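All letters in the sequence shown, in the order written, are residues 648 to 1100 by this note's numbering. Using N, Cα and C, we set each Cβ at its ideal position, and we do this for glycine too. These figures come from a predicted structure and were not determined experimentally. These notes concern the structure reproduced below.
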Amino acid sequence: MRLWPFSKAESHTRLGNGTLLFTLSTVVAVEVIMYFLFFPFIIYWIIAGLLDVAVYFFAIFFVYYLIDRPLLTLISRVKRTSLTLKPSRRSGLRGDLEEILKEVDKLAETLTRERDGLLETYNEYRSIVESLEEGIVMTTDRGEILMINHGAEKIFSTHRYEWKGKNINDFFRFYEIISGETKKIISSKKTGKKLIIREVPMEVRGKFAALYIFEDVTEVSNLESALSRAENLALLGKMTASVAHEIKNPIASLKLSVQLLKKQLAASDPEVSETLDMLDKEVRRLEERAKGFLEFSNPKYELKPLNIVDVIMESVKLAKIRARDRKIQIFCECPDKNIPVLGDVNALNSAFLNVLVNAMDACDENGEIRIDVKKKAKMVTVSFKDNGKGISPDALDYIFEPFFTSKSGGTGLGMSIVKRVVTSHGGKVDVISKKGEGTTVKIHIPLVGDKNG
């Protein structure tokens, strides 16, 4: 507010305006009282008007330099200090106003120390939270995501800004996590990882919030499963070896006895001959089973340089004899005729035959099996693809488990032997299958000189 537009003061404080109005009001009141008491002549009003102008100018000068300017300077310095938290210059201020500014400077120094301390603590906690391997997600009382750390970004292969402000239930739903199952190992089908989730209630600014801690235990869980599987296999190996050795000699005696009976009685009665043939067939089947048990429990491989193409062709030749009866066609595509590897001929032949037998059992009559052999990255990959009924997702996780089979009359050792043979050769086995659309088994074996590649 300006009482006179030509005043030096660009603006006035409330105290200055009040002082100015009070001074001028007092002068005018005194003049009115004197008028009613003495009834002066016109000359009085002329003198009073001149005195009013003089008083007005003097009041403006007095109020501006003694009240307005110091207060405005103090306000400006305090505002600057509150914004920058830096001590201000005190030139031009004296007395109580200077003391006030000194106290403001002390308060600014205290706030600066508190701010620096809080920033240091914040950076320390942020560094700790960001360096944790565990994933941390903080939500509001309404479930809105406030914060996601680097560990959570790594576990879920995402970016924090993609989820900030979104609901935690949408987060769980997207990664196929059941939010109620906390403190238990659960699987996220979206990421293929196994997680332990802990929910920690907390309070932020007087409101309920929640902290979700995700611990990736995939490797630990897999190691535990592998250790348990190894222990079971070791025990199973001892059992099968013991059983196989126990029945090996009786089977050999049965086989010899059946052959003697066939020589003596086969010609006398056709029915006896048929029964002995059936008995001979079953004894041979038992012998093969016992041989499979022994091979599974105590494999011994002699790795030598060989051409894996020759082994594949030999396996295909044997498989085609069985495939002919069911009119199943086997196609083999192998551009390279010489692919050297270190291997055991009999073991590899057994592994390839097991895969081919499984493929034939999965195919209907007039089915197809295609074999593709390729060299890539110091490895040879032999792919067996059939157009059979495929494997269900539940069964796919257990196909390498001993004695697990979906075939009636099967032993469940075929794929276990395949994996053991390939692993012993420094390779690996991949199985891709979809129910009703067939199965592809890929066997990867290192080339000569690249067993560990």
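- Per DSSP, Gly1061 lies in no beta strand (DSSP E) segment; the continuous alpha helix (DSSP H) that holds it begins and ends at Gly1061 to Ser1071.
- 8 angstroms or more divides the Cβ of Glu846 from the Cβ of Ser835.
- Between the stretch 1081 to 1097 and the stretch 1034 to 1051 there are three or more inter-stretch CB-CB distances shorter than 8 angstroms, so the stretches are counted as touching.
- With a cutoff of 8 angstroms on beta-carbon distance, Leu950 and Gly990 are scored as near each other.
- Its chain contains Thr838 as the residues whose beta carbon lies nearer than 8 angstroms to that of Ser804, once the 5 sequence neighbours on both sides are disregarded; these appear in chain order.
- For the set Phe861, Ile707 and Ala994, the Cα lying nearest the Cα of Ser1071 is the one of Ala994.
- If you draw a straight line from the Cα of Ala998 to the Cα of Ile1064, it comes to about 7 angstroms.
- Lys1089 and Leu953 have their C-alpha atoms some 20 angstroms from each other.
- The DSSP-derived three-state label of Asp1044 is coil.
- About 7 angstroms separates the beta carbon of Leu1003 from that of Ile1016, a gap short enough to meet the 8 angstroms contact definition.
- Looking only at Leu901, Thr673, Glu1048 and Gly764, the smallest Cα-Cα distance to Ala706 is reached by Thr673.
- Here Lys951 is bridged, per DSSP, to Gly990.
- Contact annotation: His1091 and Met1007 have beta-carbon atoms that are not nearer than 8 angstroms.
- Rounded to whole angstroms, Leu901 and Leu842 show a C-alpha spacing of 55 angstroms.
- The Cβ neighbour count for Asn1013, taken over all protein chains shown within 10 Å, is under 16; the residue is labelled exposed.
- If you ignore the 5 residues before and after Phe978, its C-beta comes within less than 6 angstroms of the C-beta of Arg1017, all in its own chain and listed in chain order.
- By the neighbour-count definition (other C-beta atoms within 10 Å, threshold 16), Ser778 is an exposed residue.
- Fully contained in the stretch 756 to 780 is no alpha helix (DSSP H) run of length 4 or more.
- Looking only at Arg807, Arg789 and Ile802, the smallest Cα-Cα distance to Val851 is reached by Arg789.
- Counting C-beta atoms within 10 angstroms of its own C-beta, Arg820 has fewer than 16 neighbours from the protein chains shown and is therefore classed as exposed.
- Per DSSP, the continuous beta strand (DSSP E) segment holding Ala856 begins and ends at Lys854 to Asp863.
- Pro897 carries a helical assignment under DSSP once its states are collapsed to helix, strand and coil.
- In terms of Cβ geometry, Ile1046 and Met1062 form a close pair [threshold 8 angstroms].
- Between Glu961 and Asn1005, the C-beta spacing is not below 8 angstroms.
- Minimum Cα-Cα distance from Ala970 among the listed residues Asp1011, Arg931, Lys854 and Val930 corresponds to Asp1011.
- By the neighbour-count criterion, in which 16 or more other beta carbons inside 10 Å mark a residue as buried, Gly812 falls on the exposed side.
- About 20 angstroms separates the beta carbon of Ile975 from that of Val1020, a gap too long to meet the 8 angstroms contact definition.
- A residue is called buried when at least 16 other Cβ atoms come within 10 angstroms of its Cβ; Met785 meets this threshold and is buried.
- Between the alpha carbons of Leu698 and Leu671 lies a distance of about 11 angstroms.
- In the structure shown, the three-state DSSP call for Ile832 is strand.
- If the five residues before and after Met849 are omitted, its C-beta is found closer than 6 angstroms to the C-beta atoms of Ala856 and Leu858, all from its own chain and listed in chain order.
- Put simply, the backbone Cα of Val864 is about 49 angstroms away from that of Glu756.
- Under the three-state reduction of DSSP output, Thr670 falls in the helix class.
- Listed as beta-bridge partners of Thr1087 by DSSP are Lys1032 and Ile1079.
- Checking the DSSP bridge columns, you'll see Arg845 partnered with Ile860.
- Cα atoms of Val700 and Ile694: separation of roughly 10 angstroms, rounded to the nearest angstrom.
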